[in-house]
Structures are given as structure tokens and as C-alpha cells.
Amino acid sequence: MKTTARVVVIGGGVVGCSVLYHLTKKGWSDVMLIERDQLTSGSTWHAAGGFHTLNGDPNVAMLQSYTVSLYEELERISGQSCGMHKSPGIMLADTPERMEFLKMTVARGRYLGMSTEIISVKEAMNYFPFIEEKYFLGALLDPNEGHLDPSGTTYAYAKAARIGGATIEVQTKVESLEQKPDGTWRVITNKGVVECEHVVNAGGLWAREVGRMVGIELPVLAMEHMYLVTDDIPEVEAFNKSAGKEIGHVIDFGAESYLRQEGKGMVLGVYEQAGKPWSTKTTPWSFGQELLQPDLDRIAPSLEIAFKHFPTLENAGIKRVINGPFTFAPDGNPLVGPVQGRTNFWSACGVMAGFSQGGGVGLALSNWMVDGDPGFDIWGMDVARYGDWATRTYTNAKVRENYSRRFRIRFPNEELPAARPLQTTPLYDKFIEQGAVMGDSWGMETPLWFAPKGSEAKDIVSFHRSNDFEHIKAECKAVREAVGVTEIANFSKYEITGPGAEAWLQTQMTNTLPKKGRLQLCPMLNHQGKLIGDFTIAKADDERFMMWGSSQAQVYHMRWFEQTLPKDGSVKITPYGMKLIGLSIAGPKSRELLQRLTDDDVSNAAFKFMDYREMEVATVQAKVNRVTYTGDLGYEIWVAPEYQRRLYESIMEAGADLGIKNFGMRALLCMRLEKNFGTWFREFRPIYGPFEAGLDRFVKLDQHEFIGKAAAIKEKADGPKKTRIFMVVDALDCDVMGDEPIWVDGKVVGWVTSGGYGHYVDQSLAQGYIPTEFFKPDMTLEIEILGERRAARLQMDPPFDPEAKRMRM
Ligand SMILES: Cc1cc2nc3c(=O)[nH]c(=O)nc-3n(C[C@H](O)[C@H](O)[C@H](O)COP(=O)(O)OP(=O)(O)OC[C@H]3O[C@@H](n4cnc5c(N)ncnc54)[C@H](O)[C@@H]3O)c2cc1C
């Protein structure tokens, strides 16, 4: 066995083999895969082998599409058959909501170049003849689906990787990992030690154990999964003969089932409600190519519906039942990328659909390792989307929930209940008492809206405007006309200190840093000049800065900062997490309210827009920013959690005669929309440059050096390829939700990033991107909402306070 390699990939399932192949494709040939048994001996060997391109996250869908397109290349290079059967897939809708969901899915696929379409039930029967028509309303047809041979495909990756120079050691178990002071690794196996620069955890069913070797607990859990293979069904053969093709793939949401042809019979797999986790704490190393005991009772309720929907199957004999485990992350998407806090330790696990996603995971990870960037927007599968709060038992609750919802719709206003409430602030109970409907923001409870007395504090889930509409309107009105208070605990917050703090921070940000006592909005770029952060920074003192960003990005940003911090200890960055939580007061009467709570002078002359001050508010030490995301006069007041209740009660008491009202996250997002402010991970993402995103005024190209500057100069010189646009939509009772296609002059060219109803300006609003070449002030715009193309028009200025006087008043 070799004793050195540039990269060691742990795990020879489909994912590890794909990573290995992609590394060689990127030109790294000194790469090695170590497998404790034979290739495929984790989940891979017993997979049903189905593949498809559809995914709720368009960026993940794109990588799935790449995976599917890769198999021909693999067969060509390796000479190994993947056993491909391409056959169209249909998704059947048995309720009006599922029909709407399918229409939305087709629309979302349009700008990704997917050729899905809505077809009638009759047309669906041309692909799957066993449908009992009366149960269904329509279907989605996806021509780009099929199934393959899981083992052949994994070996095709492995052979192609070997041709590219990789080595593969089977029957070799990685027993522990040691990091050397220079950041390189010693991989200790039962057959000797391999020294390497990078380690990739593609341990599949054992990914947790491999993570534990470096002291981390990855949020993955295996679930048992069952599918049946039927005896030959005469009708299958008859269809094959008469139609001259295989029976297509089917997803039946109602029966939580997927089906496809296998030989002259069918495969029927189920994602049942009562899903069962497997090996909840540790995966036994002794587990080999084994199957689990089938439990047909568990899937009986789903089978009953499937047999009603497809009666031909009811009488088919069952040839075999496969029950095998495979892993999921809490949201069902993979965990990919460098692990924060560990140098050169990479995750490629939690891949629940290895044959749809494995290629994309390999491509993104190899780009990341070789080029320093995944090359795509992979936030949806970035391992950094989870933090310490995603514990083993949290993961258990969420994975079970996700499994049971695999074929269920998630409505845009739907909050999922498992493992909640997890993180709460001292105001949680107070908010609930006042009718708050809470949402889960990456493990943190946040008020979404407040139901007044007499109305139920519960969302009626829907794709359309719902029961929160009038209440959010009232909250926006209170802010715009008087004053409102909202909790803003769910930001990320950092303190940066030390003699080198200013110089280092300046190299991270495109904008110049603020002067002492001031705030500045600062985008952050990667080396490729793409947006990887968007912060509000305060200079608190000569060697001390405070910084606020998006809550879900804290691990993502800390991972970046750890790479760029000077090694001499001259700068310290401390993420505050829940140790600093905030309340924001906003609206024309917010200054009067703040003045009642402090003996500091907060007049406009003394405390200007974008000022920062550390002062006492309601007898509490606070850090106060004169800025709010509402785009109105307002303040963010940050305090230690033990003082938050005191602060809130004082605000409510002092604001009573000013008409103070609670407002929630939905009203906040609505008000930011009325100002055309972007949000992180919607308008601002690592696929956009700062000029594309319209952040020109926060990018100073002639004043200081910063990461990504050369690329930013080039973006500006060449002209941004995309343009962020703002639109007013002629919507009916359904506003955009995000990811809808934008039609310009009758052609799909762009996509919506976010939107909703602007309650105070009484308009349906949307933000999105189009290629710059299509941008014309008089272009004809349409947005497809739930299958219907609605007219839209370009809105150049924010409809609320276009001259931005309110923030400065
Ligand atoms: C019943 C069933 C049906 C499925 N159907 C489909 C389907 O139709 N389509 C689809 O896309 N997916 C399907 N899947 C899921 C699919 O199997 C997984 O997505 C895929 O196999 C994950 O591959 P992996 O490489 O991540 O993990 P694994 O296949 O588990 O591979 C991990 C490998 O790492 C090795 N390893 C772990 N730790 C060490 C160590 N310390 N040292 C050395 N080696 C180590 C293991 O031996 C193993 O071979 C199905 C799964 C099941 C169970």
C-alpha cells in the first residue's frame, strides 16, 4: 500500500468513487480511496438505482442534472456499463394542492433548462398504464429519468478514476485520523499509515464514525428503506410489446411511493409515515453486505393506497423485499464541503440519492479542493448550514420527519414541527402569550406574525395568500405610521479585536471600514469575486469592531475567516451566537420612544443614521445601531440575553401611548421588500458578483486592497453579466415565493429570488436576476406563478420612500 497521497478518500460507495474520479478529472492524480470492505458495500449495493433531476432547491437540481448527464461519459472512459435504462418519469397529483405544486415545479425547471411539462392523466397512462384514472387530476412528465445498475455505476467511477491515476485499497479500514501541526493528516489503517494533505469523509453509513475520528458529530442518520420487487406481471410485458418501450418511472405522492419496471415486473418503494431509524448512535463495523428484516406492516398503509391507485399491482406476487439503510441529513440534502474548525477535512456524506446526486457532489467537492471554490451555488448542500445545535437526537427527530415527508408538499408558509422549540430567547413565552406564530430559523424560534385576540395563532398552509395577510398588513402599518418592535436575535454577531483587527477586516470587505462610532454596510467576496457575505460593521473602538450578518451563515463565515485570519494572533474573532440578542424598534415614533428609555441625547443631530453607540437603554448596557432593515427610522438594540426581557417590557410600557405594536419576521421581510433591500442567500449568493447584485456603492475599487478585488475590477470593466431587477407583479391571490421563471419579451431568461406582498405600498413585489443583455427599461416582463404567466413591470425606485428620507429623518 502507498504510504503517501495528496488526498485520501475514505469510503468506496458511489459517492467516494465519484469524488475520486472528479479529483483525477481536475488533474489531481495522486489520490487514494480506502475502503474497509469491497466497493459498494455500504448503502450503495442494494439501492434501487433510480435517478432523476428534480429537487426543491434549483441549485441542487442543476447538480442532479449534471449527475444524470455524466453516465455516458463514465461508460465511455471506463468501458464499464452503468446498466442505464432511461425512461421518462411521471409524478401524479391526486389533490389540487399537489397539482399546483407540480405546476410550480415545471415553472421552476424552466430557467434551469429542464424540459418537464404538465400532462393529463390520460397522457400519463401512455407511460404508466396501470393508473386508476378517477384518483388523479394530472401529472408532471420528466423525460430525464431512469434507473441504472448501482454496482456497475460505482465500478465505472472507480475504473475511470484509476485510469486517471488514482489508487484504490479495498479490505482496508481507516481506524483513526491524526492531524499534524502543519495541517496534514496521518490516516491510520489496519494495514499501515498513509500521510496525506487532505482527507475526504465519504463514509456513508459510517460517516458519523469517521467524523468522530476528528471530534465532530455530523448530523446524519440512516433510515431503513423498503422496496418490493414483484413477480412478472403479464400486463407489463403486454405494455412493453404494444408500446415498444419500458414502463416509465412513477411517483405517487398520495401513496408515498415510487414505482418502475424491473424485468417483467415492477419495483415499488415506499417512504412511509412510520419510518424507522437504523443504528441511531453508532453503525456497527461488522455490518457488511446485509439486508435488514422487512416489515411489511410498516408500509401497509401506503401499499393500500398504491394498490387502490394501481389495481393491476394488487394481485402481483412479491418476488423479494429489500430493506436497507441509507443516510439523511436533517433536511434530506447532502453534507458537502470543508468542515469548519478542521483544516483540510472534507465532508461528502448524507447523500440520500447517490445516483441522482453523487456526480454533482463529486464535481463540487473536487472543484472546491482544487480551485478553492465549489464552482456552483451549493449552499443547499453545504455542510456549514448546520451548527452545534444540530445534535444527534435533533438529527434523529428531523430525519424521521423529513423521511415521512419525502413525497409531501412543503408550502411556502409551512413550518415543520419536529424538535421544536429548540433555541428560544427569554421572550419566547411572552410572544406566545401575545399570539405569536413562531417560525424555525435554523434551530432558533423567531416570531413570524402576531394573531390579535380572537383570531387563531396558526398558519393555514397554502400557496396562496393566507390567514396571516391582514395581520401582517396591520403590523406594517403600525411601523410605517407609528412604531413597532421586533426580535432580531437570529442574526449572526461577531466581535473582532486586536491590534491587527482593522487591517485584517479591511482585506475582507469591499467597502471601506467605518470610522469610530459609525456603521458601514460591507459586502465580502471570495477570490473569484463572488458574494460570500454581506455585513453591517460598527467600529466600536480603535481595536474593536462589531459585525452583524445572516444567522444561518455563522459556520459558513467562520470557516472562511479561519482561513484568512493572520496566524500571529494579532486578530481575534468571537462569534456571539445567542450571547447577544436584540430588539429592533422602527417607525417614525421610534426616536421618541428611545429617548424615553435613555438619558443619552438621541436627537437626529446627536445620533445620526448609521451611527453606532454603546449606551444604557432602559437601565441596560446596550449596543445600539441606528439602522433597521425596515428602511424606516429605527434602531437595533443589542443586549446580553439576561436583560432582553427588561428591555422589551420597558419598550412596550414606554411605547404604549405611541401606539407600539409587535411585528414579526414576515412584516420585516415585507418592509425590506418595499425598499428593494436584498437578503443574504436569496439576492446575495456566491453565484453573483457585487455589480450584478447592484451593490456598486458598497464596493470601493480605488481605496484599499481586498480579497476578490481583481475579479471585481474585471466584472466592472466587462460589465456585469446579470442584472438584479425589481418588479411590481400583477398577481391575483398568490405572490411570488422565489425561483419562479421571469419571461422577457416572451422568453424565459431569468428567475425570481424573492418577493411577496408589499402591504404598505399595496403592491405585489418581486426581485430577481436576468442576463444583462435582456435588460431594457421598456421590456415586457412576466412571471410564472403556479403555472400562470402574470404581467410584471420593472420598478426602478423602491415604492416606499424612494429618496430614503425616512431612515435619515
Ligand atoms: C433500499 C435502498 C434503495 C435505494 N434506492 C435508491 C435509488 O433508487 N436511487 C438513489 O439515487 N439512491 C438510492 N438509495 C440510496 C443510495 O444507496 C445512497 O444514496 C448511496 O448508496 C450513498 O452512497 P455513499 O457512497 O455515500 O455511502 P455508502 O454506500 O454507505 O458507502 C460508504 C462506504 O464507506 C466505507 N467506509 C466507511 N467507513 C470506513 C472506514 N473507516 N474505512 C474504510 N472504509 C470505510 C464503507 O464500507 C462503504 O463502502 C437507496 C438506498 C437503499 C438502502
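Just so we're aligned: the sequence shown equals residues 319 to 1127 in the working numbering. A virtual CB, placed ideally from N, CA and C, is assigned to each residue, including glycine.
Check                                                                                                                                                                                     : Outcome
For Glu-535 and Lys-599, I'd like the C-alpha separation in whole angstroms.                                                                                                              : 11 Å
From Leu-683 to Arg-964, what does the alpha carbon distance come to, in whole angstroms?                                                                                                 : 47 Å
Measuring alpha carbon to alpha carbon, tell me which residue in Asn-662, His-1022, Lys-857 is nearest Pro-499.                                                                           : Asn-662
Does the Cβ of Ile-969 lie closer than 7 Å to at least one heavy atom of ligand 1?                                                                                                        : no
Find out if the Cβ-Cβ distance for the pair Met-1097, Asp-1063 is shorter than 8 Å.                                                                                                       : yes
Examine the Cβ distances between the stretch 875–890 and the stretch 914–925 and report whether three or more of them are shorter than 8 Å.                                               : no
Starting from the Cα of Asp-1057, find the closest Cα among Val-1046, Ile-850, Ser-1072 and give me that residue.                                                                         : Ser-1072
Does Glu-535 come out as helix, strand or coil in the three-state DSSP assignment?                                                                                                        : coil
The alpha helix (DSSP H) spanning Arg-1107 covers which residue range?                                                                                                                    : Unbroken run through Arg-1107 is the beta strand (DSSP E), 1106–1112; no alpha helix (DSSP H).
Could you check whether the stretch 672–682 touches the stretch 366–374, counting it as contact only if at least three pairs of C-beta atoms, one from each stretch, sit closer than 8 Å? : yes
Can you list, in chain order, the residues of its chain with a C-beta nearer than 6 Å to that of Leu-381? Leave out the 5 residues immediately preceding and following it.                : Gly-678
Could you name the residues of the same chain whose beta carbon sits closer than 7 Å to that of Thr-1090, not counting the 5 residues immediately before and after it, in chain order?    : Gly-1037, Pro-1038, Lys-1039, Lys-1040, Thr-1041
Is any non-hydrogen atom of ligand 1 found closer than 7 Å to the C-beta of Ile-565, if you look at the structure I gave you?                                                             : no
Give every residue of the same chain whose Cβ lies closer than 6 Å to the Cβ of Glu-1010, excluding the five residues on either side of it in the sequence, and list them in chain order. : Pro-1038, Lys-1040
Looking at the strands, I want to know which residues DSSP matches up with Trp-866.                                                                                                       : Lys-811, Thr-854
Could you say if the stretch 579–589 and the stretch 327–343 meet the contact criterion of at least three C-beta pairs nearer than 8 Å?                                                   : no
So, at 7 Å on beta carbons, what are the nonlocal neighbours of Ser-620 in its own chain, with the 5 sequence-adjacent residues on each side left out?                                    : Ala-573, Glu-574, Ser-575, Val-588, Glu-590
Would you kindly work out how many angstroms separate the C-alpha atoms of Cys-667 and Lys-890, rounded to a whole number?                                                                : 32 Å
Could you tell me if the beta carbon of Phe-663 falls within a distance shorter than 7 Å of some heavy atom in ligand 1?                                                                  : no
From the DSSP output, read off the bridge partner residues of Ile-506.                                                                                                                    : Ser-494, Val-511
Taking the beta strand (DSSP E) that Asn-943 falls in, what are its first and last residues?                                                                                              : 938–943
Could you tell me the alpha carbon to alpha carbon distance between Arg-703 and Pro-537, rounded to whole angstroms?                                                                      : 11 Å
Which runs of the beta strand (DSSP E) fall wholly inside the stretch 652–685 and span at least 3 residues, in chain order?                                                               : 653–656, 663–667
Between the stretch 690–698 and the stretch 728–743, are three or more C-beta pairs nearer than 8 Å?                                                                                      : no
In whole angstroms, what is the alpha-carbon distance linking Leu-459 and Ser-810?                                                                                                        : 42 Å
Whole beta strand (DSSP E) runs in the stretch 740–826 with 3 or more residues, listed along the chain?                                                                                   : 754–759, 762–768, 802–805, 809–815
Whose C-beta lies closer than 7 Å to the C-beta of Ala-298 among residues of the same chain, with five residues either side of it excluded?                                               : Because the chain spans 319 through 1127 in this model, residue 298 falls outside it and cannot be assessed.
Using only alpha-carbon positions, find the residue among Trp-503, Gly-510, Asn-508, Gly-802 that is nearest to Asn-519.                                                                  : Trp-503
Check each candidate in Ala-1028, Phe-768, Gly-905 and name the one with the smallest Cα separation from Gly-802.                                                                         : Gly-905
If I measure Cβ to Cβ from Asp-786 and keep anything under 6 Å in the same chain, skipping five residues before and after, which residues do I get?                                       : Trp-767
Count the other CB atoms, across all protein chains shown, that sit within 10 Å of the CB of Asn-641; report buried if there are 16 or more and exposed otherwise.                        : buried
When you compare only the Cα positions, how much space is there between His-1077 and Val-797?                                                                                             : 11 Å
Can you tell me the Cα-Cα spacing of Gly-650 and Tyr-721, whole angstroms?                                                                                                                : 8 Å
Would you tell me roughly how many angstroms separate the C-alpha atoms of Met-402 and Arg-394, rounded to the nearest one?                                                               : 13 Å
Report yes if the C-beta distance between Gly-521 and Glu-527 is below 8 Å; otherwise report no.                                                                                          : yes
How about Lys-637: is its Cβ closer than 7 Å to a heavy atom in ligand 1?                                                                                                                 : no
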